[in-house]
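Step one of this worksheet: look at the structure below.
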Amino acid sequence: MGEESTRAEVDPLGGRGGRRTIRQMVVVGLIASALGIALGLVIDWFPTNGSTQADKIDTFWDVLIICSVPVFVLVTTVVLFAVRDFRMRPGQEHLDGPPIHGNTKLEVVWTAVPAVMLVALCTYAFITLHDIEKAPAAGIERQITVTGQQFTWQFTYNEGGKKFTTAQLYVPKDESVKFNIQTRDVLHDFWVPAWRMKIDAVPGIQTHYRVTPTRLGNYPVVCAELCGLGHAFMRQTAHVLSREDFDAWVKKVTAPAPSAAAGGAGGGGGSSAAVDAKALFVQGDANTGAPGCGSCHKLADAGTTGGVGPDLDTVLKGKDEAFIRQSILQPDAVIAPGFQGGIMPGNFAQLLSQGQVDALVKYLEEVAAK
Amino acid sequence: MSVRMRQAGWYRAGFYMIIAAAFSVFVTWFVRMLYGHDRFAHFLDAESCVIVGMIALPLAFLVGLGCFDYWFYWASGKPTRPEDHSSHGATSWKDYFRPNTDHKVIGIQYTVHSFFFLFVGGLMAMLMRAELAQPGRQFVDSNTFNGLFSVHASILIFLFIIPVFAGLANFVLPLMIGAPDMAFPRLNALSFWLLPCAGVLMLASFFAPGGSFASGWTAYAPLSTTAPLGQMFFTIAVQFAGASSIATALNFLVTIITMRAPGMSFFRMPLLAWANFSTSLLVVIATPFIAASQFFVLLDYTLGFHFFDADAGGDPLMYQHVFWFYSHPAVYIMMLPGFGIISEVLSVKSRKPIFGYRMMAFSLLAIVVLGFTVWAHHMFVSGMQSWIRIPMMVTTAIIAVPTGIKIFSWLATLWRGVLRLDTPMLFALGFLTMFTCGGISGVMLAMVPLDIHVSDTYFIVAHIHYVLFGGSLFTIFAGVYYWFPKMTGRMFDERLGKLHFWMTFVFFNATFAPMHIIGVNGMPRRVADYADEFATWNLVISLASFGLGLSTLIFAYNMIASWRGGARAAANPWRALTLEWQVSSPPPVFNFDQVPTVVGGPYEYGVPGAVHGIFGPGAPAEARPTPAGTHAQPPTAE
């Protein structure tokens, strides 16, 4: 660019801004673009690449870097060269530049070229979007219902005709999963950065996306839409398992565990002895969707490491049964120093049966007394 | 004393506000009684009193201050006081604290008021960065933190960027187009005095039970409709700020259309006038939509209308559509006036005509039109109908074309000029590079597949600050330095100005560039706490942001000290051609002792003997047809 604008007859600048300057500028611009692109591609921008969707989005990002850096370099180089060559020298205080009002050819070029580039980018974006959202070619896709509430996630499965709900997300590797996302209260946003996909949980409707996890491991589940006081702490973990491990996990969850009352979701009192309090503490109740205490609280005896709420090994030390019961059912009644109210869900009285609460309290009392 | 109570002024305003407070309590009590409710058990329960008061008190303040006096006299058939222009101009600082119909006084009121809120909003950013310097909780709890970023954004958008542009244009624009004042001076005064009402409401929200509004400046329902009382301070403050914007925009439109000097055709207007014309079109069309969205929230909250309650048939997505139908054009409302400032500064400081004047004007209009077709790109992950994403992606990408035209034309304006690298020019060049960065990340965000990953992360925070800080605020600094001699009659300290620029430029990049990285890497925005892996970058960002905060103190010192004791400014220190520089600094009370006649384009630098406007009897009866932007050399004026 700038080639045509050097046509003015009179040249008070003694040759500056001529073809030589432009040649220099092109060389510097090309080198800077190459370095910039290299740097942009070397930087490890993304979190772990954990899904087929992530592959496509990361590639898309690389293309964007390759397109963007030269644009930035172009503008910066022209500004810097203009400053180098055209800044006012002593004695030029009353000198004006040449009265160039425009150049139609140049203006057409810098309207048309970006337009073509942008349309091309949009086309590529459309193809990528289509790829990351399309359903798998064959086979039945696993459906998991994700329910957001202030300030936790719950995951409802339907495995082999058995429906259950957990507070932790488990998915098998290399199988497409369709998440159906909904909310009990305000807007949330279901995001697993390692999988790249996200969408809001909107009251009144169900939203969807699908991912095919490609890497084993545990990844954070993050709420990305401001949802109130505990928004920053609305974190859980997504576990990607091998097919066998996943099946084993499903079996364990759906098996008539020693804890569950014979009638399943019936709950009710009188079965407190049968409740496996430690499992309840770690996993929550699949039938009602009660989240496990361990996803937010640390407790050495149960092996949980959650850091959102107070460390139960310290705060429960020497506390009595009434205090523990109150802390479960009315979490805002007493707030541990350094923490604040309004974050722990206050609906455990509804989600847990009387027997379950009794068992939990008994278990925690025993642990606290140790 | 009783005379003071009857005369328009602060005493009467205070008196009326007491009456309004009593009225609010009585009305709420009376209506509740009609419905069979008890009186309030405790004054903190009296939310409805507070909400009625939030509307009644500011209105009483405005009436007491005298903003409506003329219209009330006229409406009630009493003799109106004819405008004797005695209130024009300001002789002491006290004159800035009453409604004044002089556009130059209002311009300074606007600008100083806006900069006060820049410092308040900036201070909130400092508090947030202090909290975010380390993971975990240190200084503020998450309720306060959510309040801080919500008020920070709301104040800087509604009480700094939008009004400061209106303020600069208020001062400069009538002078530029050769008008003695704005078209509606009384409306102009009212527009300004609506702003402190909005500002006080937003700041007062911190004293509300339950804390200030904490659902972001976007106030998404149903979080906002179920929030504590503080949310209503935002909802109602936005109405006052919005009314102010609309009134000013109407005023600009009428002024530009009807009050141009003889010979000032549209294509001879300086680009700042074009920019404000385009901005005003956006404001007039779009602002009613945010007013509506907040009225919906108000009705939902106070009277249970359930517009956005899904269980009662409401639709939370509707809120986002109405909100962004304003708030995306608002991004251009916050940018186009800056484009105008940059065109002025670059042309004058490069000593060259603006390259491609007509395309510069048309690209502004293209942005206005396209600006209304892109709003849903804020909602790519909102769960709206998925097909809408594609057309919105395309229009969003295409809006980069007129913006690109402007950038390239500015670069071509620089080329082969004689660049004066003083403070306004440095900020203009800083704007060119930084705004390009923000524009590029904007195009990236327009691309749906990437947006799905980075929306609601720090990448968005980085983008918005590259556009609104590196973009808008740099143009505001350029404009304030450029017109400081004209507004105050004093020169600013050039050395401090340059120091301010370099500190701002370096710390701005050190603060916001790393946010791109942590954003793509997975750090969500609007969180008081974050995963440990982001700790290093956050510490860097926090330290840099404190440097950025300090740099504004240099600016404040330079402005105050130079205003008090700077060297006297000549009428035209930059040797500019536009009309505002052809009168004394500061300008005469009625702007022009003789009406100027415009005979040529505004940027004919380098054309020997070219003038833009002619004063006095030498002016030809009919202006000569030498519009800017024709590529031919304009004939030399004698």
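Protein chains in written order, with my numbering: chain B, 1 to 370; chain A, 371 to 1008. Just so it is clear, CB atoms sit at the ideal spot from N, CA and C, and this is done for glycine as well.
query	result
Spatially closest choice to residue 32/B from 50/B, 76/B, 55/B, by CA coordinates	76/B
Local conformation of residue 974/A per DSSP, three classes	coil
Sequence ranges, alpha helix (DSSP H) only - wholly within the stretch 371-430 of chain A, length at least 4	372-376, 380-404
Of the residues 657/A, 617/A, 597/A, 703/A, the one placed nearest residue 645/A, counting alpha carbons only	703/A
Whole-angstrom distance between residue 358/B and residue 272/B, CA atom to CA atom	With a pLDDT of 43 at residue 272/B, under the threshold of 50, the modelled position of that residue is not reliable, and no figure is offered here.
C-beta neighbour in chain B for residue 492/A, strict 9 Å	no
Cβ shell of residue 198/B (< 6 Å), same chain only, five flanking positions each side left out	189, 191, 224
Residue 556/A: first and last residue of the uninterrupted alpha helix (DSSP H) it sits in	555-574
Among 638/A, 920/A, 732/A, 560/A, the one whose alpha carbon lies nearest that of residue 875/A	920/A
9 Å Cβ cutoff, residue 200/B in contact with chain A	yes
Backbone CA spacing between residue 515/A and residue 498/A [nearest angstrom]	7 Å
Interface flag, residue 56/B vs chain A, CB-CB below 9 Å	yes
Closer than 9 Å to chain B by CB, residue 994/A	Since pLDDT at residue 994/A reaches only 44, below the 50 mark, its modelled position is unreliable, and the value read off the structure follows with that caveat. Chain B contact via Cβ: absent.
Within 9 Å, strictly: CB atoms of residue 184/B and residue 149/B	yes
Residue 678/A vs residue 685/A beta-carbon contact at 9 Å	yes
Reduced DSSP category for residue 284/B - H, G, I as helix; E, B as strand; rest coil	coil
Residue 747/A - containing alpha helix (DSSP H), residue span	Taken as a continuous stretch (DSSP letters only), residue 747/A belongs to no alpha helix (DSSP H), as it is neither H nor E.
Terminal residues of the beta strand (DSSP E) in which residue 148/B lies	142-149
Residue span of the beta strand (DSSP E) that contains residue 169/B, given as start and end	169-172
Beta-carbon contacts of residue 174/B that lie in its chain and below 6 Å, excluding the five residues immediately before and after	none
Under 9 Å by beta carbon: chain B residues contacting residue 725/A	5, 100, 101, 102, 103, 106, 107
C-beta atoms of residue 641/A and residue 78/B nearer than 9 Å	no
Opposing strand residues paired with residue 938/A [DSSP bridges]	860/A
Option in 720/A, 649/A, 688/A with minimal Cα separation from residue 699/A	649/A
Interface positions of the stretch 967-982 of chain A facing chain B (Cβ-Cβ less than 7 Å), listed along the chain	974, 975, 976, 977
Contact list for residue 694/A against chain B, beta-carbon separation under 9 Å	Simply none; closest approach about 14 Å.
Local conformation of residue 951/A per DSSP, three classes	helix
Best match in 505/A, 532/A, 491/A, 539/A for proximity to residue 517/A [C-alpha to C-alpha]	491/A
Cross-strand partners of residue 153/B (DSSP beta bridge)	148/B
According to DSSP, residues forming a beta bridge with residue 183/B	148/B
C-beta atoms of residue 790/A and residue 722/A nearer than 9 Å	no
Chain B contacts from the stretch 761-774 of chain A (Cβ-Cβ distance under 7 Å)	763, 764, 767, 768, 770, 771, 774
Residue from 669/A, 574/A, 628/A, 552/A whose Cα sits closest to the Cα of residue 595/A	669/A
Coil, strand or helix - residue 366/B by DSSP	helix
Any C-beta of chain E under 9 Å from that of residue 958/A	This model lacks chain E altogether, as its protein chains are B and A.
Chain B within 9 Å of residue 511/A, Cβ atoms only	yes
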